[in-house]
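Read left to right, the sequence shown gives residues 2 to 186 (the working numbering).
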Amino acid sequence: MERFFLGTFFIIFSFLFILYFMPTIGKNNVLNNSINWDNTISLDAEDLAEQGIKKIYDQYVVPHLKNYVVKPAEIEELIAIDNAEYRVKVNNKIYFIYNSDDQKPEYLSWGYATFALFDIVNQQLKDSDYKFYAINNGNELSGIFMSKDQYQQYCHELKVNKDKPSDFPYIPTLEPDWFGQYHEI
């Protein structure tokens with residue numbers, strides 16, 4: 002009798018475990034079908050702000066960008082000799098990242114670096130149906146190329162699942178404190 006109860010308990014527990022951790026099933030399941038998470042690029046805003054924009058762009062973003070642009074733009078880093086200022090230049094446009102004399106909070110440079118990278122990529126995609134969207138921020142910042150339709154489907158699925166606004170992909174802006182990321186008000 003004890004074996005029967007243990008066996009039954011194990012079966013019920015296993016069934017509940019599978020249901021709990023099983024992905025959402027549905028014919029419009031964007032989270033599992035439309036987004037190729039293998040194409041998500043881990044970026045880390047802190048690494049970008051610490052003179053890493055060119056390196057991360059060249060090593061991680063450009064290989065994906067070549068699927069949408071014939072000749073990706075070159076990034077030039079402008080670093081002050083005393084390491085007190087960091088800017089990047091693309092096609093005669095200069096992006097300010099930080100100046101140690103400003104005494105501004107560190108998170109601002111993370112936001113400026115995030116904006117710079119995504120703007121550099123999206124300027125190259127301006128005639129394309131694809132955009133380079135940010136997911137998360139800070140050390141967990143990632144990027145993904147999505148068409149307008151993929152973006153809309155993915156956002157619809159997030160709304161259906163009642164995910165928090167900060168889970169939505171976004172195009173970074175220069176507006177502190179959230180730099181374009183959706184958030185609770």
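Glycine included, each C-beta is placed from N, C-alpha and C at the ideal position.
- Around the beta carbon of S148, fewer than 16 other beta carbons sit within 10 angstroms, so the residue counts as exposed.
- Residue state for L159 is assigned as helix, using DSSP reduced to three classes.
- A contact between stretches requires three or more CB pairs, one per stretch, nearer than 8 angstroms, and the stretch 149-161 fails this requirement with the stretch 75-82.
- Where S148 is concerned, the enclosing beta strand (DSSP E) starts and stops at 143-148.
- Spanning the alpha carbons of V122 and N140 requires a straight line of approximately 20 angstroms.
- With a beta-carbon spacing of about 6 angstroms, L44 and I57 fall inside the 8 angstroms limit used to define contacts.
- As the crow flies, the alpha-carbon of A85 is around 32 angstroms from that of L126.
- By the beta-carbon neighbour count (other beta carbons within 10 angstroms, threshold 16), S110 is buried.
- Looking at the DSSP output, V89 bridges to E78, Y96.
- Burial is judged here by how many other beta carbons sit within 10 angstroms of a residue's own beta carbon; A46 has at least 16 and is buried.
- One alpha carbon belongs to N138, the other to K160, and they sit about 20 angstroms apart.
- Here F116 carries a helix assignment [DSSP, helix/strand/coil].
- Following the DSSP letters along the chain, one finds I136 inside the beta strand (DSSP E) bounded by residues 131-136.
- Annotated three-state conformation of I172 is coil, per DSSP.
- According to DSSP, residue pairing for S43 in a beta bridge involves S143.
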